[in-house]
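Numbering (this note's numbering), first residue to last: 56 to 611.
The C-beta atom is built at its ideal place from N, Cα and C for all residues, glycine as well.
The structure displayed is predicted, hence computed values, not measured ones.
Okay, so here's the structure we're looking at.
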C-alpha cells in the first residue's frame with residue numbers, strides 16, 4: 056500500500072524529522088478526538104444516540120479545547136512558522152485554549168459576570184449551571200492553561216537557549232501521567248477524587264499527547280536537541296529514557312499484583328520494588344557504559360583513519376608541489392641563462408658599441424637575472440631536499456678561503472649599503488671535510504641576509520673557532536634584531552619575519568631553510584642569538600675531518 060511506503064520513508068529520516076512528523080500526527084489525532092467529542096454532544100442533544108452512550112467520554116469544553124489545541128499544533132508543524140497569517144492563527148488558537156482554561160478556573164467569578172447560556176458549541180446550548188456539570192475539572196483546566204501557553208510560546212527562546220514551551224509541557228504532563236498510571240493499576244477511581252486531582256482517563260491521555268506533541272515539535276532546540284542529536288549524550292538519553300519510564304511502571308504493577316495475590320505484604324512489596332529498581336538501574340548503567348565505550352572506540356578508529364587519509368593527502372600534495380617546483384626551476388633556468396648570456400654579449404660590445412646609458416640598463420638586467428637565477432636555484436635545491444634527492448660532494452677545504460671568496464662575490468652589495476665588514480678569522484683553521492660549493496652557498500645566504508637587513512652604514516663581523524671536534528663560524532650584524540617569538544619560524548620554508556606585501560626587503564624565505572638542510576647534511580648544526588635593537592649573530596658548526604689534530608684554535 057502507498058501509505059506504508061511513505062511511513063517507511065519517514066522512519067528512515069533523521070530523528071529531528073521523525074520527531075516533527077510524530078508531533079504533526081499527534082496534532083491530527085487530537086483534532087479527531089476533539090471533533091468526535093463535539094459530534095457526540097451534537098448527536099446526543101438531537102436524540103440521535105442515547106445519552107448513556109458517549110463516543111469519547113470527556114466534557115464538551117475539553118473536546119472543544121482539544122480541537123483548538125490540536126489545530127494549533129498541526130499549524131505550527133506545517134508552514135505556519137514561515138507564514139505570518141498562519142502563525143498568528145496558530146498562536147490565537149493556543150491563546151484561546153489558555154483563556155478557556157482560565158475561565159473554567161474562575162467559573163464562580165464568571166457566573167456573575169457572563170450570566171447563563173454563554174457557551175454553545177455547534178448548537179449544543181447549555182445553561183451555566185449545566186455547563187458547570189459538563190465542564191472540565193479544575194485540574195484539567197489548569198493543565199489546559201499550561202498547554203495553551205506552551206503552544207503560544209512554542210518558538211520562543213531565551214538568550215541562554217531555554218525554551219519555556221518545553222518546561223510548560225513537562226509541567227502539564229505530570230498530573231495526566233499520574234492519572235493514567237493510577238488508572239492502569241486500578242488503584243482508585245480517579246473520577247471521584249477531590250477537585251484538585253480529578254481527571255478522566257481519556258482526558259488525561261489527550262493532555263499527555265498534547266504535551267508530547269509540544270516537546271516533539273521543535274527537536275532541534277532546547278531539551279529535545281540533546282535527545283535528538285547525534286552526540287554521545289543524545290545516544291545515552293535515547294537508550295535510558297524508555298527504560299526509566301517503562302521499568303517503574305512494570306515493577307509497580309508486579310508489586311500490586313503480588314500484594315493482591317497475597318504473595319507478600321505491602322512492606323515487602325515496597326522493598327522488592329526498590330531493590331529491583333536499584334538492580335535494574337545499575338544494570339542499565341553498565342550496559343550503557345559498554346555501549347558508550349564501543350561507540351567511543353569506533354569514533355577514535357574513524358578519526359584515526361580520517362587523520363591518516365588527511366596526512367596521506369597532504370603528503371601527496373607536498374610531493375606534487377615539490378615536483379612542480381623542480382620542473383618549474385628547470386624550465387626557468389634556460390630562459391634566464393639566455394637573458395644573462397645575451398646581456399653579457401651586449402655589455403661586452405661584441406655585437407657593437409653601446410653608450411653609457413645602455414651599459415647602465417644592461418647592468419640592471421644582469422643584476423635582475425642573477426637575482427632571479429638565485430631564486431630558481433633555491434627553489435630547485437629545496438625541491439631536491441624535500442624529495443630526498445639532494446647530495447653533497449665533500450672534500451678537504453678551508454673555511455677561511457670560502458669566506459674570502461664569498462665576500463668578494465658580495466662586494467657590490469656591501470659597497471652599495473656602505474657596510475663595514477670585519478673578517479676576524481686571523482689564524483689558520485684546520486681543514487674540514489665538506490662540499491666547498493655548498494659551504495659557499497651557506498655563507499652566501501647568511502652574509503647576504505646580514506647585508507640585506509643591516510641598515511646602511513652598519514657593521515658586520517665574521518669569526519670562526521674550533522670547538523672540540525667541530526669548527527664554529529659566526530656572522531654578527533648590527534641590524535634590528537629578532538624577537539624571541541619569531542626565532543622559531545626563521546628556518547622554515549618560505550618564512551620571513553615580515554610576511555606582508557609591503558615589506559622593505561625581498562626574497563622567497565628559502566635561504567635559511569636551505570642553509571639548515573645543507574649544514575645538517577654535513578652533520579653540523581645552525582642557530583641564532585639575537586637581541587632586539589642590538590643585532591643578531593647567526594652561527595653554524597661543521598665537523599672536522601677525522602684525521603685533523605686539534606692542537607690549536609683560532610680566536611673569534
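Alpha carbon of residue 280 to alpha carbon of residue 358, nearest angstrom: Rounded to whole angstroms, residue 280 to residue 358 spans 24 Å at the Cα level.
CB contact flag (residue 81, residue 141, <8 Å): Residue 141 sits away from residue 81, with the two beta carbons spaced by 8 Å or more.
Apply the 10 Å Cβ neighbour rule to residue 13 and answer buried if 16 or more other Cβ atoms are within range, or exposed otherwise. Lying outside 56 to 611, the shown extent of the chain, residue 13 is not represented and no answer is given.
Segment contact, 8 Å Cβ cut-off, at least three pairs: the region 385 to 392 with the region 422 to 434: Output reads yes: the region 422 to 434 touches the region 385 to 392.
As assigned by DSSP and simplified to three states, the class of residue 452: In the structure shown, residue 452 sits in a strand (DSSP, three-state: E or B).
Distance between beta carbons of residue 398 and residue 417, contact taken as under 8 Å: Confirmed, about 5 Å.
Below 8 Å on the Cβ atoms is my contact criterion, and I expect residue 217 with residue 131 to pass it. Report the Cβ-Cβ distance as a whole number of Å. About 19 Å separates the two Cβ atoms, so there is no contact after all.
Please report the distance separating the alpha-carbon of residue 503 from that of residue 409. Spanning the two alpha carbons is a distance of roughly 32 Å.
Span separating the alpha-carbon of residue 525 from that of residue 347: Residue 525 and residue 347: Cα-Cα distance of roughly 58 Å.
Quick check: is any heavy atom of the ligand FAD less than 7 Å from the C-beta of residue 404? Absence of the ligand FAD is noted for the structure shown, with no ligands found whatsoever.
By Cβ distance, which residues of its chain are closer than 7 Å to residue 342, with the 5 residues on each side in sequence left out? So the list is empty, once near-sequence residues are dropped.
Is it right to say residue 436 is buried, meaning 16 or more other beta carbons lie within 10 angstroms of its own, or is it exposed? Classification for residue 436: buried.
If I measure Cβ to Cβ from residue 542 and keep anything under 8 Å in the same chain, skipping five residues before and after, which residues do I get? The answer, listed in chain order, is 583 and 585.
Continuous alpha helix (DSSP H) assignments of at least 4 residues falling wholly in the region 466 to 547: Qualifying alpha helix (DSSP H) stretches, in chain order: 466 to 472, 491 to 508 and 539 to 542.
By DSSP, does residue 595 sit in helix, in strand, or in coil? Looking at residue 595 - three-state DSSP - the assignment turns out to be strand.
By a C-beta neighbour count over all protein chains shown, 10 Å radius and 16 as the cutoff for buried, is residue 415 buried or exposed? Exposed, by the Cβ-count rule.
DSSP three-state label for residue 590, please. In the three-state DSSP reduction, residue 590 falls in the strand class (E or B).
Below 8 Å between beta carbons: does that hold for residue 133 and residue 85? The answer is no: Cβ separation not under 8 Å.
Residues that DSSP places opposite residue 83 in a beta bridge: Per DSSP, none; premise fails for residue 83.
Could you tell me the distance, in whole angstroms, from the CA atom of residue 591 to the CA atom of residue 528? A straight line joining the alpha-carbon of residue 591 with that of residue 528 spans about 14 Å.
Of the residues 78, 299 and 538, the one placed nearest residue 335, counting alpha carbons only: If we check each option's Cα against that of residue 335, 299 comes out closest.
Taking the C-alpha atoms as reference points, what is the distance between residue 456 and residue 496? One alpha carbon belongs to residue 456, the other to residue 496, and they sit about 13 Å apart.
Looking at C-beta atoms only, is the number of pairs between the region 478 to 491 and the region 505 to 518 that lie closer than 8 Å three or more? The region 478 to 491 and the region 505 to 518 touch, with no fewer than 3 CB-CB distances between them shorter than 8 Å.
By the three-class DSSP mapping on this structure, what secondary structure does residue 585 have? Secondary structure of residue 585 (DSSP, three-state): strand.
Given a cut-off of 8 Å, decide if residue 239 and residue 201 are closer than it, judged by their beta-carbon atoms. No, the pair does not count as a contact, with Cβ atoms beyond the cut-off.
Between the CA atoms of residue 207 and residue 145 - distance to the nearest angstrom: Distance between the alpha carbons of residue 145 and residue 207 is about 8 Å.
Using the Cα positions of residue 305 and residue 368, report the straight-line distance between them to the nearest angstrom. Distance between the alpha carbons of residue 305 and residue 368: 55 Å.
Are the Cβ atoms of residue 587 and residue 536 separated by less than 8 Å? Yes, the pair counts as a contact, with Cβ atoms nearer than the cut-off.
Between residue 262 and residue 361, what straight-line distance do the alpha-carbon atoms span, to the nearest angstrom? Distance between the alpha carbons of residue 262 and residue 361: 48 Å.
Taking the Cβ atom as the reference point for each residue, do residue 274 and residue 283 lie within a distance shorter than 8 Å? Result yes, Cβ atoms of residue 274 and residue 283 sit closer than 8 Å.
When 98, 116 and 143 are compared against residue 152, the one with the closest alpha-carbon: Of the listed residues, the one whose Cα sits closest to residue 152 is 116.
Length of the line joining the Cα atoms of residue 162 and residue 126: Taking the straight line from one Cα to the other gives about 25 Å.
Using the DSSP secondary-structure output, state which residues sit across from residue 580 in a beta bridge. In the DSSP output, where bridge partners are listed per residue, residue 580 has 596.
Determine the closest residue to residue 93 out of 74, 118 and 77, with distance taken between C-alpha atoms. Per the Cα distances, 118.
Is the beta carbon of residue 567 sitting closer than 8 Å to the one on residue 546? Cβ distance < 8 Å, so residue 567 and residue 546 count as in contact.
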